[in-house]
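In this text, residue positions in the sequence shown follow our numbering: the first is -6, and each later residue adds one.
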Amino acid sequence: MASKTPESHHQGPDPSSGDPIAALNPPKSAVASGLLPGVLGGQDEDEDEDGKADHSAGTTLTLADGGASKGDKKKKRKASKKKTKPPQQTSPPRLPLAQLYPNEQYPQGEIVEYAECNLQRTTTAEIRHLSAVKDMDDDFLKDYRKAAEVHRQVRQHVQMIAKPGVSMNELADAIEDGVRKLTGHQALETGDALKAGMGFPTGLCLNNVAAHWTPNPGSKEVNLQYDDVLKVDFGVHVNGRIVDSAFTVAPNPVYENLLAAVKAATDIGLKEAGIDARISNISAAIQEVMESYEVELNGKTIPVKAVRGLSGHDILRYKIHGDKQVPFVKTKTSQRMEEGDIFAIETFGTTGKGHLQDDVGVYGYGRNENATPASVNHAPASAKSLLKIIDDNFGTLVFSKRYLERVGAKSYHLGMKSLVSSGVVECYGPLVDVPGSYVAQFEHYMLTRSTIIRHRLAQASFQASTRPALVQRANMTTTIFKHIDSSSYTGKPWTKVDGPGSAFELKDHEREVHNIRGREDAFTTDNSGFAVYNDPANEKTFTDDAAVRNGYYAEVEGMLRKRLSGVKKVVIFDHTIRRRTKDSPRQPVQQVHVDQTPGAAAVRVRRHLPEAEAEELLKGRYQIINVWRPIENPASDFPLAVVDWRSTSPGDFIPVDLMYPKRADSVHDDDDRGKERLPDPETLHSIEGYEPRGETLGVAPNEKHKFYYMKDMTPSEVMLLKCFDSRGEGMPEGIKGLAVRTPHTAFIDPNTPKDAPGRQSIEVRCLVFYE
C-alpha cells in the first residue's frame, strides 16, 4: 500500500495493547533466518514437507465365516504401510494454513547478502534504536512467514483469474475470502480481525488511478478490459505483522515496457537498500532506472515517469505506514535505513504527468492515535459508538466500508463524518494521474539486518549495476535462434523422428532473449502461454522409468491442480528425458517449434480415454500442457527459451509431418514426444520406408516475437508450456487475450560458464480438462 507524501500517517504501537513494537526490530546478534518466501510466482517453497510421515494401518481381525465362534483362531493381518498424502490447497484457496502446516514450519524467505553493509561499527542512532527493542523471537518470524504464505497462495490464484471480463468485486472477494479462510479468522466476531486477516483494504486501481481504490457497497460494477492496466495491492497480517506486496496486470502487451520499467525500478530499490543506506540514494537510483524506459502507445513514444506524491514506506506493528518514506524521485532527506526496519519497497511509473490529484470517493479509514481526548469526548453518541467498533475490530489497521459492515456496523455515515471532521479518524481517497494515462505498480518488502531478508513477489537479479543500461542488460542476452526456412521446401515440409533428415532447412535469426527471473508472476499459461513456479519434486534423478511413471506423474498432476484454476481431470500420456551427454539418444532441440498441432489434441483424448468419456470431455475446455523441469543441476547449459503468445501471428506456424519408419503395429505406436495428427490425404506421401504418423508446428521468424527464458532454472523450478487450448480452437486469432500455444526451443546462452554441466531435463505431457 503506497504512502502519500509529504504527509505521514503518524503510526506507532498498537494502542489497544501494551506490547511495544520492539519485537519488529531485531539486533545484529540475531541469527540470520528466513522471514518470508520470495515469490512473484517465483520462489515458493515445498509445501509437502509436513506430510511425509508414514502411517501404518491398524491390525484387523478376520474370521472365515464372518462370525466369532468358540475355538476359532483369530488371524492377524499383516500391517501394511501406507503413506498418507499431504493435504493439498484447493482452488480457489480455502484450506487453512493450519491444516497445510500443522507444525507451523512455514516456508522461509530469501536471504540476500548486500555489499555495502556496516558490520564493523554500530551508529549512535542504531544503539538508541536497538536499546528500545526486544530480541527477535520465533513468534515474530512465524507470524511473518505465515502471513507471507497466505499472501503467496491467494496472490497466485488471483493472478490466474485476473483476466478480461472479471469484475473488481469478484477480485476483491477472491482476495479477502481467501485471506480470511487461510488465516482461519473470518472477521465476523468482535476482535477477530485484529488476530489475523486483511492488513488493509484490497487496492484494485485501473489505468490512471494510481492508488487507493476499492469496491464499496453499492458501487457500480467495474470489469477488467483487455486494454486496462490493473494494480492489485493487498496486505495480510498475523498478530499485526503486515505483509504488503503488489503487482500489475496488463492483458495487452503494448504496456510491457511500462511494467518492465516499474519492475526494474523496484528491483534496484531492493538492491540499494540495507543497513545505513541513505534513502536519498535509493530514491535517486529508482528514478534513474524508471525514467530510462519508454513506451510506444498509439504510434507515439512516451517516456515513463516516476510518480510524485507516493512513496515506499516502513511498516510497524498494526501500522501499514511508519515515519520513514522512500520516494520514487530524488530527494534531499538525510534519513537512513536502520537495522530491524521493515520496509515496503514499491514504485509507481506512469505514462502521464506523474503528479497525482485526489479523486472523489472513499478508499478507507484509519484511526488517528494522535487525536486528543477532547476530540473524542466532544463527539456525538453515534460517533463514540462507531469509534468503539473501530477500536475493538481494527485498532490502527486501515479498514473500508465493507469491513465495517462485515462486523455489523449500521447507519454509520453520520458518525464517521463526525470522527473524520474532528480528526479522530483519517479518510483516504483515490489518487489519480491525468485522464488517458496508465500507471503501473510493483511492491516487495524486506527486513534489514546484517543479512537482508526480503519477501518479494519474485526473485530479482542483484548482480546488476545501478546504471540503467546495465540493469537492463543483466536481464537480457542476444543469441541465435533457429527457425524453419519457408523458402527451402516445396509442398508440405517433413522431418524424420529417428535421426537426421528433413525436407527443409533452418534459418538463423539473431534476437534478444529476456530473463524473467524476478517477474515470473507476470507470465501465465493463459496470458503468455507459459508460467514458471517453484515446486520441488520428490523424484530427483529420473533414472527409473517406473518411478517416474508411478511417482513423478502423481506429483505433476497434483502440481497442475494446485497451479491451474478449475481443473477437473488430468491425463498424463508420456514424457521425454533429455540429457546433453555423448551417449544420450535425446538431446535439446535447437529449433523453434510447438509440440502439437490442433488436430493432435482430440486424437490424444480419444486414444487415452474410454470412448463415452472422451466424447463428453471433448465438449468442454481442455488443453495440452508440457511440464518442463531441469534434472540434477541448473539448466544453465542450453536453457529453454519461449516465445510470448501475444507476440505471435497465425502465419508464424507451419505444420510439419513427422516421418516414422513403417511398422506393422503403427496404429497404436506412440511417439514419446506426443506428436500426432488426424489422417490427411494430402500428407500420405513419404520417403521410402517412412510414413507420416505425426505432425508438429515449425515456427517462422517474426521480428515481433518476444523471447523469454528463466536464467539458471533449477530442478526445484518447473515451467508449464501450453501446447493447445480448445477455447481458442478454430479461430485464426484465437480469443483476444487468451494464449493458445507456446513456441519454444533450446538455445546457446553466450553467458553460460564453460564448466557448466550439460543440461538434463524432463518434459511431461498432459491432457488437462476443466470444469
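Every residue gets a Cβ at the ideal spot worked out from N, C-alpha and C, and that includes glycine.
- If you draw a straight line from the alpha carbon of Ile445 to that of Phe336, how long is it in whole angstroms? In this predicted model, Ile445 has a pLDDT of only 41, less than 50, meaning its place in the structure is not dependable enough to derive any value.
- Query: Does the beta-carbon of Ala732 have 16 or more other beta-carbons within 10 angstroms, so that it is buried, or is it exposed?
  - Reply: So Ala732 ends up on the buried side.
- Message: Helix, strand or coil for Glu287? Go by DSSP, reduced to three states.
- Response: strand
- Query: On the three-pair Cβ rule with 8 Å, is the region 183 to 196 touching the region 751 to 763?
  - Reply: no
- Glu688: buried (16+ other C-beta within 10 angstroms of its C-beta) or exposed? With 16 or more other Cβ atoms within 10 Å, it is buried.
- Inspect the CB distances between the region 745 to 753 and the region 638 to 652 and report whether three or more fall short of 8 Å. no
- Task: For Gly416, collect the residues of the same chain with a Cβ closer than 7 Å to its Cβ; drop the 5 residues on either side in sequence, then sort them by chain order.
- Result: These residues qualify, in order along the chain: Asn361, Ala364, Ser368.
- Message: With a threshold of 6 Å on Cβ separation, who are the neighbours of Glu764 within its own chain once the five nearest residues in sequence on each side are excluded?
- Response: Gly559, Lys561
- Going by CA-CA distance only, name the one from Ser430, Cys716, Pro623 that's closest to Arg765. What the structure shows of the chain is the stretch from -6 to 764, and residue 765 is not part of that stretch, so it cannot be assessed.
- Query: Where do the N-terminal and C-terminal ends of the alpha helix (DSSP H) with Asn232 fall, by residue?
  - Reply: For Asn232, no alpha helix (DSSP H) segment is defined, and its DSSP state is neither H nor E.
- Item | Asp528 versus Val620, Asp588, Pro86, residue with shortest Cα-Cα distance | Val620
- Please determine if the region 505 to 512 and the region 694 to 702 are in contact, where contact requires at least 3 C-beta pairs separated by less than 8 Å. yes
- Message: Quick check on Asp307: does DSSP put it in helix, strand or coil?
- Response: strand
- Message: Quick check: the Cα distance between Ala628 and Pro89, rounded to an integer number of angstroms?
- Response: 35 Å
- Task: Tell me Val425's beta-bridge partners as DSSP assigns them.
- Result: Val202, Gln350
- Message: Taking contact to mean 3 or more Cβ pairs, one atom from each stretch, closer than 8 Å, check whether the region 370 to 378 and the region 214 to 228 are in contact.
- Response: At 8 Å Cβ cutoff, the stretches do not touch.
- Please name the residue or residues paired with Tyr396 in a DSSP beta bridge. Beta-bridge pairing links Tyr396 to no other residue.
- Task: Give every residue of the same chain whose Cβ lies closer than 6 Å to the Cβ of Ala607, excluding the five residues on either side of it in the sequence, and list them in chain order.
- Result: Val598, Arg599
- Query: Roughly how many whole angstroms lie between the Cα atoms of Val231 and Phe646?
  - Reply: Cα to Cα, the separation comes out at about 50 Å.
- Terminal residues of the alpha helix (DSSP H) in which Ile168 lies: 161 to 176
- Query: Relative to the C-alpha of Gly544, which residue among Lys555, Gln149, Glu532 is closest?
  - Reply: Closest in alpha carbon position to Gly544, among Lys555, Gln149, Glu532, is Glu532.
- Message: So, for Pro654: in the same chain, excluding its five sequence neighbours on each side, which residues have a beta-carbon less than 7 Å away from its beta-carbon?
- Response: Asp491, Gly682, Tyr683
- Query: According to the Cβ coordinates, are Phe474 and Val587 closer than 7 Å?
  - Reply: no
- Query: Short check: CB of Ala203 to CB of Gly342, under 7 Å?
  - Reply: No, Cβ-Cβ distance for Ala203 and Gly342 is not below 7 Å.
- Message: I'd like the ranges of any beta strand (DSSP E) spanning at least 3 consecutive residues and lying wholly in the region 694 to 750.
- Response: Whole beta strand (DSSP E) segments, 3+ residues: 700 to 702, 710 to 718, 737 to 739.
- Item | Cross-strand partners of Ala257 (DSSP beta bridge) | Its beta-bridge partners do not exist; DSSP assigns none.
- Message: Looking at Ser521: is its Cβ nearer than 7 Å to the Cβ of Pro194?
- Response: The answer is no: Cβ separation not under 7 Å.
- Item | Alpha-carbon to alpha-carbon, Ser238 and Met(-6) | 7 Å
- Message: If I follow the unbroken alpha helix (DSSP H) through Arg271, where does it start and stop?
- Response: No alpha helix (DSSP H) contains Arg271, which DSSP labels as neither H nor E.
- Item | For Met191, three-class secondary structure by DSSP | Met191: strand per DSSP, three-state reduction.
- Message: Buried or exposed for Leu17, going by 16 or more other Cβ atoms inside 10 Å?
- Response: Residue placement at Leu17 cannot be trusted, given a pLDDT of 30 that sits under 50; the coordinates are not used to answer.
- Item | Exposure of Asp519, with buried meaning 16 or more beta-carbon neighbours within 10 Å | buried
- Taking the continuous beta strand (DSSP E) assigned at Gly551, which residues delimit it? Run containing Gly551: none in the beta strand (DSSP E); it sits in the alpha helix (DSSP H), 546 to 556.
- Query: What span of residues does the beta strand (DSSP E) with Gln92 cover, start to end?
  - Reply: It is not in any beta strand (DSSP E) - Gln92 instead sits in the alpha helix (DSSP H) that spans 90 to 93.
- Identity of the residue in Pro85, Leu390, Lys139 nearest Glu163 by Cα: Pro85
- Item | Member of Asp705, Ser160, Gln434, Asp718 whose CA lies at the smallest distance from the CA of Thr241 | For Thr241, the nearest C-alpha among the options comes from Gln434.
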